[in-house]
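>
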Amino acid sequence: MTMKRTALLCCAALWAAGVSPAATAAEPTTWVVDDDKIQCPVAHFTSIQAAVSDGQVNNGDTVEVCPGTYKESVVVTKEITVHGVGDPVKNLDCFNDITDAEFAALVDPTKFAILQPPQTDTPVKDSLLSLQVSNITLSGLVVQGQIQGEPTKVDNPERQPGGKVDVYEAAIETTSVHSGYRISDNVIWNNTVGIEFGSAGVSVGSISTVQDNCFRASFAAVANQRLALNNAVIADNKSFRNTGPANNGVAYELGFVLGRATNVEVRDNTSEADANFVLLENTENVLIDSNDIIGAGTRGIVVRAANAKLKVTDNAVSNVGAGVSFLGAAQVAAAKVTLGAIIEGNTLTGNVIGIAFQTGTGAVGTVIRDNDASGNTQAGIRLRSGTTGNVIENNTVNDNHPPKEPGVDPTTGVGILMESGAAGNTITGNSMSGNGLWDAQDQTPPQNTWTNNICGKSLPREICAPAP
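So the number in the numbering used here is just where the residue sits in the sequence shown, counting from 1, plus 216.
In structure tokens:
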């Protein structure tokens with residue numbers, strides 16, 4: 217009773233003095249950084265690292281970075297916000313189809329806060345931003361120039377071919393043991409890898425997000441090459457011309473064999489001229505949803521191996537070799553099967569093939585339904601030898617043939633094609649018309665089950681009923 221009465225008396229005294237008890241707690245503080253103190257003459261610091269390391273900067277504070285060029289590698293060990301002034305995502309057009317040199321000229325240090333390596337004449341081995349605790353917010357920066365050169369070779373005997381895999385440093389790196397990262401509204405460009413993205417998920421704190429960024433001209437925009445990524449969202453980003461040195465780059469790489477991705481959403485992103493939109497390997501419960509993908513002639517959504525409960529839904533994919541591609545046995549880790557993937561509601565048009573299963577695909581129980589795989593040059597849906605146990609149902613597959621122009625034979629395309637050796641698959645309820653050579657073709661009947669399909673021309677005839 218005495219302690220309670222004392223506390224009440226203390227509160228009463230504060231109110232009498234005109235001070236709220238809540239106001240006695242430390243309020244978050246904004247600390248200002250300016251490399252030359254021209255844009256912000258009253259800045260507290262001239263480097264980002266000095267600010268985030270200073271003992272006066274506490275959890276919950278904001279480090280505001282004024283326009284300038286910051287040549288440093290920054291390690292953040294406090295739950296703070298690091299925010300650049302200048303809104304580069306709004307003021308730099310991510311999809312501006314100009315050369316990298318021309319884009320670099322637009323990245324003006326008098327307008328934007330630019331973070332780049334301390335040295336620019338040698339390959340860079342360290343990240344530019346290492347986020348080493350939970351609940352860090354990173355926004356409004358231009359992060360550029362983390363070019364590693366040769367990758368690190370890491371042992372992994374399960375990967376084919378050979379026993380080692382390539383791992384690269386990233387411009388921004390999180391960890392697998394923290395969570396609640398919020399990386400948004402940054403221009404992250406001209407790096408080997410933009411973000412090495414790990415997260416512990418809701419067991420530690422809130423989910424982690426990478427949202428509303430511009431990724432441009434890198435080998436990979438976001439990856440988790442060696443980190444576990446749990447309970448995360450990658451959404452509303454723009455990516456442009458992430459192609460790599462041999463046109464083998466990627467916007468988003470999830471679950472590389474040294475890491476794993478679980479409960480991750482990749483949604484509502486826009487990708488233009490990336491070599492690949494997303495590579496999936498060693499994942500569980502990943503959703504690829506409502507992304508708009510205009511490729512660079514290579515691949516859109518690429519499924520490698522060891523994916524469980526994968527959903528690919530409502531994406532629009534064009535101008536790639538294959539809109540959704542399941543890689544073959546020679547290209548995936550041995551005995552790592554993708555189980556129960558759902559490919560649903562996607563629009564796959566203007567590609568070479570809409571949905572492609574390569575030879576010996578390690579995928580079982582895939583359901584391909586309610587997609588529009590039309591207007592591709594070779595096939596709408598194609599399964600090659602060794603693919604088995606999959607269901608293709610209720611898809612619209614029309615007008616898949618080469619362009620009708622001089623010197624091109626427009627009669628070679630196929631709507632749904634089961635190549636020799638594709639067996640044990642069910643094809644049902646699909647509508648096919650206007651395809652080049654055949655609307656539907658099975659090269660090894662009756663090893664697959666065809667029911668209730670409608671088309672104009674098929675081989676053999678009985679796999680498809682004529683349109684009414």
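Cβ coordinates follow ideal geometry from the N, Cα and C atoms, glycine included.
(1) Keeping to the same chain, check which residues put their C-beta closer than 6 Å to that of F261; ignore five residues upstream and five downstream.
(2) Inspect the CB distances between the region 310-322 and the region 281-296 and report whether three or more fall short of 8 Å.
(3) Quick one: using the 10 Å Cβ neighbour count with 16 as the cut-off for buried, is A238 buried or exposed?
(4) Among T575, D530, R515 and R585, whose alpha-carbon lies nearest the alpha-carbon of N567?
(5) Which residues bound the alpha helix (DSSP H) around A736?
(6) Which residues in the same chain have their Cβ closer than 6 Å to the Cβ of G300, if we skip the five residues on either side of it in sequence?
(7) Exposed or buried, which one is T565 when buried takes at least 16 other CB atoms within 10 Å?
(8) Helix, strand or coil for V268, going by three-state DSSP, please let me know.
(9) CB-CB under 6 Å to Q427, same chain, minus the five flanking residues each way: which ones, in chain order?
(10) Going by beta carbon distance, what residues of the same chain come within less than 6 Å of S289, once the five residues before and after it are set aside?
(11) For G738, count neighbouring C-beta atoms within 10 Å of its own C-beta (all shown protein chains included) and say buried if the count is 16 or more, exposed if not.
(12) Under 7 Å between the Cβ atoms of P618 and T642?
(13) How about the region 655-665 and the region 623-638: do they share at least three Cβ pairs that are nearer than 8 Å?
(14) Can you look up G417 in the DSSP assignment and give me helix, strand or coil?
(15) If you compare alpha carbons, which of D505, T499, K454 and F472 is closest to T486?
(16) Of the choices I264, G276 and R600, whose alpha-carbon is the least far from that of G688?
(17) Hey, out of V480, I569, A387 and N562, whose CA is closest to L526's CA?
(18) If distances are taken between C-alpha atoms only, which option among G650, N668, D382 and Q348 comes closest to S392?
(19) Excluding sequence positions up to five away, which residues of its chain have a Cβ less than 6 Å from the Cβ of D270?
(20) Give the single residue among N668, R442 and P676 whose Cα lies nearest to the Cα of P684.
(21) Can you give me the Cβ contacts of V607 inside the same chain, cut-off strictly under 6 Å, excluding the 5 residues immediately before and after it?
(22) Is the Cβ-Cβ distance between L470 and Q441 less than 7 Å?
(23) Measure from the alpha carbon of E243 to the alpha carbon of each residue in I559, N274, V540 and R476, then state which is nearest.
(24) Would DSSP call W666 helix, strand or coil?
(25) Using the C-alpha atoms, what's the distance from R520 back to R687?
(26) For R677, count the other beta carbons within 10 Å of its own beta carbon; 16 or more makes it buried, fewer makes it exposed. Which is it?
(27) Could you tell me which of Q332, I314 and L354 sits nearest to T278, measuring between CA atoms?
(28) To the nearest angstrom, report how far apart S674 and G650 are at their CA atoms.
(29) Classify I411: buried if its beta carbon has 16 or more other beta carbons within 10 angstroms, exposed otherwise.
(30) Would you grab the beta carbon distance between I559 and V540 for me? Rounded to a whole angstrom, and I think it's under 8 Å.
(31) Cβ of S415 within 7 Å of Cβ of N446?
(32) Since V359 and I404 should fall inside the 8 Å C-beta cutoff, what is the C-beta to C-beta distance between them, to a whole number of angstroms?
(33) Nearest-angstrom Cα distance between E497 and A433?
(34) Output yes or no for whether 7 Å exceeds the beta carbon distance between V466 and A512.
(35) Comparing C-alpha positions only, which one of I314, V528, L495 and G537 sits nearest to I510?
(36) Can the beta-carbon of G361 be found less than 7 Å from the beta-carbon of P333?
Well, looking at it:
(1) V249 and A267
(2) Contact between the region 310-322 and the region 281-296 is absent: fewer than 3 CB-CB pairs across the two stretches fall below 8 Å.
(3) Below a pLDDT of 50, predicted positions are generally treated as unreliable, and A238, at 39, falls in that range; the measurement from the model is reported next regardless. Under this definition A238 is an exposed residue.
(4) R515
(5) For residue 736 there is no data in the structure shown, the boundaries of the chain being 217 and 684.
(6) V281, A329, G356 and L357
(7) buried
(8) helix
(9) S400, A451 and D452
(10) D342 and L344
(11) For the chain, the structure presents residues 217 to 684; residue 738 sits outside this window and is missing.
(12) no
(13) Touching, per the Cβ criterion.
(14) Secondary structure at G417: helix, using DSSP grouped into helix, strand and coil.
(15) When each option's Cα is compared against that of T486, the closest is K454.
(16) Here the chain covers residues 217 to 684 and nothing more, so residue 688 does not appear.
(17) Nearest of V480, I569, A387 and N562 to L526, Cα basis: V480.
(18) Q348
(19) none
(20) N668
(21) V583 and T642
(22) Taking the C-beta atoms as reference points, Q441 is found no nearer than 7 Å to L470.
(23) N274
(24) strand
(25) Nothing can be reported for residue 687, as the shown portion of the chain is limited to 217 through 684.
(26) Under the 10 Å beta carbon count, R677 is surrounded by fewer than 16 other beta carbons and is classified as exposed.
(27) Minimum Cα-Cα distance from T278 among the listed residues Q332, I314 and L354 corresponds to L354.
(28) 12 Å
(29) buried
(30) 6 Å
(31) yes
(32) 5 Å
(33) 23 Å
(34) no
(35) Ranking I314, V528, L495 and G537 by CA distance to the CA of I510 puts G537 first.
(36) yes
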